[in-house]
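I have placed the structure first, in the form of structure tokens, so that the comments after it can refer back to it.
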Amino acid sequence: MILTEKSLIKNLNKNKILFYGYGNPGRQDDGLGVFFIDELIKYIKKNRLKNIYFDTNYQLNIEDALEISKYDSVIFIDAAKKIKKSFNFKKIKPLEINFYTTHNMLPENILFLCIKLYDKKPDAYLLTIKGYKWGVNEKPTEKALKNLKNALIYIKKLIKILYK
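Each residue of the sequence shown is one higher than the last, beginning at 22 in my numbering.
See the structure below:
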């Protein structure tokens, strides 16, 4: 599901927005979340927009609950194999952790911890970008880079509407 601009703008708080891209840039399309942040930073700097912040990592960690507690809205960005369109953008809800490893942390788990530990509930969204290959020490696929471009166009459009 891709949120409409109207429904997103209605709910997204622009006071402090964190874009958090994660994935491994050394594993082809797995790095799409990090590559997205690299491109978005250029756009934000060029347009001198304020109150937009960035973070990247190889994977989500428990400590990220503290980080996202500092923001009004958080948009997580990751690569995904099992989506039909070039990208998907949706609001997420907290999801309690029911496993004993941190290698499977989901954005929904981070949101749950943020609420539980810090009594903060930022508006949280997940942008997934369709990837195709996860080979080691390889460049991202051309198809995945095209999907990344489509996702950037969508987010830039939302930012333009937000900052009118």
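Beta carbons are placed, not taken as given, at the ideal position from N, Cα and C, and that holds for glycine.
Residue ASN171 holds the alpha-carbon nearest to the alpha-carbon of LEU53 among LYS114, ILE180, LEU183, ASN171.
LEU53 carries a helical assignment under DSSP once its states are collapsed to helix, strand and coil. Going by beta carbons, GLN80 and TRP155 fall outside the 8 Å limit. Looking at the backbone, the Cα of TYR43 and that of ASP99 are separated by about 6 Å. In the DSSP assignment, TYR139 falls within the alpha helix (DSSP H) that extends over 128-139. Bounds of any beta strand (DSSP E) do not take in TYR175; it lies within the alpha helix (DSSP H) bounded by 163-183. Inter-segment contact for the stretch 136-151 and the stretch 87-102 is present: three or more beta-carbon pairs are separated by less than 8 Å. Around the CB of TYR41, 16 or more other CB atoms lie within 10 Å, so the residue is classed as buried. In this structure, ASN168 sits away from SER90, with a CB-CB distance that is not shorter than 8 Å. Look at ASN109 here: in three-state DSSP terms it is strand.
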